[in-house]
Structure formats: C-alpha cells, structure tokens
Amino acid sequence: MTAMAAPVPWACCAVLAAATAVVYTQRHSPQEAPHVQYERLGSDVTLPCGTANWDAAVTWRVNGTDLAPDLLNGSQLVLHGLELGHSGLYACFHRDSWHLRHQVLLHVGLPPREPVLSCRSNTYPKGFYCSWHLPTPTYIPNTFNVTVLHGSKIMVCEKDPALKNRCHIRYMHLFSTIKYKVSISVSNALGHNATAITFDEFTIGAWGGGGPCSILQWECARGVYEHWWGQSRVCLGTWGMCTRVYTCVHVFMAHICL
1 MTAMAAPVPW ACCAVLAAAT AVVYTQRHSP QEAPHVQYER LGSDVTLPCG TANWDAAVTW
61 RVNGTDLAPD LLNGSQLVLH GLELGHSGLY ACFHRDSWHL RHQVLLHVGL PPREPVLSCR
121 SNTYPKGFYC SWHLPTPTYI PNTFNVTVLH GSKIMVCEKD PALKNRCHIR YMHLFSTIKY
181 KVSISVSNAL GHNATAITFD EFTIGAWGGG GPCSILQWEC ARGVYEHWWG QSRVCLGTWG
241 MCTRVYTCVH VFMAHICL
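What follows is the structure, given as structure tokens:
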C-alpha cells in the first residue's frame with residue numbers, strides 16, 4: 001500500500017496543471033471565428049453575447065482590454081454614438097469560467113457618397129482614360145465597377161498598372177458621332193452610390209492634355225488649320241462633309257458643326 005501511494009501527488013499536480021492550461025486556453029485563445037460587423041459612424045449598436053441568456057454573468061473585452069460594466073445591458077454590450085476608435089475585436093466571456101462565448105470584429109464607417117468621375121484624352125486619337133474618387137472617405141473597403149458604352153456596345157476599360165482608380169479605353173472608330181457613356185458604381189457594406197457622364201469624341205479630345213486648349217490638334221482628313229484670335233484659340237478641322245470649329249477661351253469651349 002505504501003509503495004503505491006507515492007505516485008498520487010504527481011498525478012494531482014498533472015491534473016491541476018491540465019486544468020490551469022484549459023482555463024488559460026479558454027481565456028486567451030479564440031474558440032470561434034469572429035463575426036464581422038459593419039456599423040455607421042455616429043450610430044448606436046447593441047452587441048449580443050452570442051447565444052447567452054440576457055441575464056448571464058459575462059465580461060466584455062475589446063482588443064484585450066476589459067470594458068466597464070455600465071456599458072452592459074444584461075449580457076449585451078451597448079455602444080452609443082460610434083466613433084472610428086470603436087472599431088476593434090470585441091469578445092464576451094463567462095464571468096466565472098472565462099469561457100469565450102462570442103467574438104465580434106466591429107468596423108465603423110460610412111456609406112459612399114456619389115463618386116467624382118472624369119475622363120480625359122492625352123493620347124488622342126488612340127483613346128482616353130477615366131479616373132474616379134470619392135469626395136469623402138468611408139473608412140471601410142469600397143468596391144468600384146466601371147462600365148463604358150459606345151452607343152449600345154460595351155467597351156473594355158483596361159486598369160491602369162500604377163493608379164488603382166483609373167482605366168484606359170481605346171477608340172474603336174475615329175470621328176464617330178455616337179456618344180460615349182461612362183458609368184461608375186461604388187458599394188461597401190453600408191451602402192451604394194453611382195454616377196455617369198456622357199460625351200462625344202470631340203469633347204473628350206478637347207478636354208485632354210494640360211487644359212481645354214492644349215489638344216486642339218486634330219488629325220483631319222483634309223488637314224488641320226489653327227490660329228490665334230485675340231485670347232481665343234480657333235481650330236478648324238474638316239473631314240467628310242462636316243466642318244467643326246473649336247474655340248477656347250481659358251476653360252470655355254464650344255463647337256459648331258456647319
């Protein structure tokens with residue numbers, strides 16, 4: 001009997017060590033993938049503690065820091081007037097066992113406003129490019145979708161290798177009278193917005209380069225004629241049966257087909 005009693009203290013120590021390891025793991029190691037949640041800046045949000053009862057004894061932490069008990073409504077965490085600093089990983093634990101009950105990865109942001117879209121041609125007559133941006137940040141990821149139409153035909157918009165918010169379009173037919181339409185939509189987890197612009201080939205050419213007057217160098221079938229008229233620059237381009245006159249005064253441009 002005496003010989004068999006010796007291993008007992010070692011067995012007890014092993015059990016205690018294992019129990020301590022389990023408690024440490026429950027408190028410090030995630031047991032589930034966090035639920036990703038997006039909320040609007042300035043709004044109020046209530047985070048439930050998973051499937052825990054409303055009156056369950058729980059403790060909430062954000063990014064490893066304990067939250068004040070007065071933020072709780074039962075087992076739920078209530079946040080008022082969300083700010084950007086509220087973004088983070090929220091975790092709910094059973095107060096006694098420190099068993100992890102639920103995790104929420106909270107992102108605070110805004111829905112997108114109408115995007116700003118512009119198109120220019122600095123390589124006429126090869127093609128043109130379009131660029132876009134949001135007037136205000138959303139603080140969360142956005143997805144943009146660009147569609148280019150020449151009449152009813154969809155055109156390819158090649159992504160710029162250096163600028164993520166720019167794409168390039170090649171002209172299919174020069175001196176076409178069919179208008180181009182460029183549409184862009186933007187969406188994120190909190191909302192959606194869109195805008196579009198319509199223009200013809202001649203207008204987009206006159207917008208290119210360093211300003212409205214810088215690209216009035218048209219490759220016309222019968223040549224290009226241009227001269228200065230006071231503070232205005234006049235370009236007369238003739239092709240086919242149509243003559244177009246372009247006049248630029250600083251940023252003003254008008255064209256007439258006679």
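Anchor point for the sequence shown: position 161 equals 161 in full-length UniProt numbering, and the numbering is continuous, going up by one each time.
We treat Cβ as the ideally placed atom computed from N, Cα and C, and that holds for glycine.
Could you check where the beta strand (DSSP E) with residue i kicks off and where it finishes?
| i | result |
| --- | --- |
| Phe128 | Gly127 to His133 |
| Cys157 | Run containing Cys157: none; DSSP gives neither H nor E here. |
| Ile169 | Arg166 to Arg170 |
| His99 | Note, His99: premise wrong, no beta strand (DSSP E); not H, not E. |
Where residue i and residue j are concerned, what is the direct C-alpha to C-alpha distance, given to the nearest angstrom?
| i | j | result |
| --- | --- | --- |
| Gly151 | Thr143 | 26 Å |
| Gly237 | Phe175 | Bear in mind that the predicted position of Gly237 carries a pLDDT of just 42, short of 50, making it too unreliable to give a figure here. |
| Val146 | Val182 | 7 Å |
| Lys153 | Thr203 | 19 Å |
| residue 309 | Tyr180 | Nothing can be reported for residue 309: it is not among the residues displayed for the chain, which extend from 1 to 258. |
| Asp44 | Lys159 | 39 Å |
| Val148 | Ser121 | 15 Å |
| Phe128 | Leu41 | 38 Å |
| Ala17 | His133 | Bear in mind that the predicted position of Ala17 carries a pLDDT of just 37, short of 50, making it too unreliable to give a figure here. |
| Thr195 | Leu89 | 35 Å |
| His86 | His80 | 10 Å |
| Lys126 | Pro135 | 30 Å |
| Thr198 | Ile178 | 10 Å |
| Val36 | Asp70 | 24 Å |
| Tyr124 | Cys130 | 14 Å |
Cβ of residue i within 9 Å of Cβ of residue j?
| i | j | result |
| --- | --- | --- |
| Glu32 | Leu100 | yes |
| Cys157 | His173 | no |
| Leu105 | Pro34 | yes |
| Tyr38 | Ile184 | no |
| Asn63 | Pro115 | no |
| residue 273 | Asn73 | Residue coverage of the chain in this structure runs from 1 to 258, which leaves residue 273 outside it and unanswerable. |
For residue i, which residues does DSSP report across the bridge?
| i | result |
| --- | --- |
| Ser183 | Thr147 and Ala196 |
| Asp44 | Asp44 pairs with nothing; no bridge assigned. |
| Leu79 | Val45 |
| residue 264 | Given a span of 1 to 258 for the chain in the structure shown, any question on residue 264 remains unanswerable. |
| Leu84 | BP columns for Leu84 are empty, so no partner. |
| Arg120 | Tyr129 |
| Glu39 | Val108 |
| Asn188 | Gly191 |
| Ala93 | For clarity, residue 93 is Phe in the given sequence; the question names Ala instead. Thr59 and Leu100, per the DSSP bridge assignment. |
Do residue i and the ligand NAP come close, with the Cβ less than 8 Å from some heavy atom?
| i | result |
| --- | --- |
| Ser118 | The ligand NAP is absent from the structure shown, which contains no ligands of any kind. |
Does the structure place the region 55 to 67 close enough to the region 90 to 103 that three or more beta carbon pairs sit under 8 Å?
In short, these stretches touch, since the Cβ pair count reaches three.
If you pair each beta-carbon of the region 177 to 194 with each one of the region 101 to 113, do three or more pairs fall below 8 Å?
Contact check between the region 177 to 194 and the region 101 to 113: three or more CB pairs, one atom from each, fall below 8 Å, which counts as touching.
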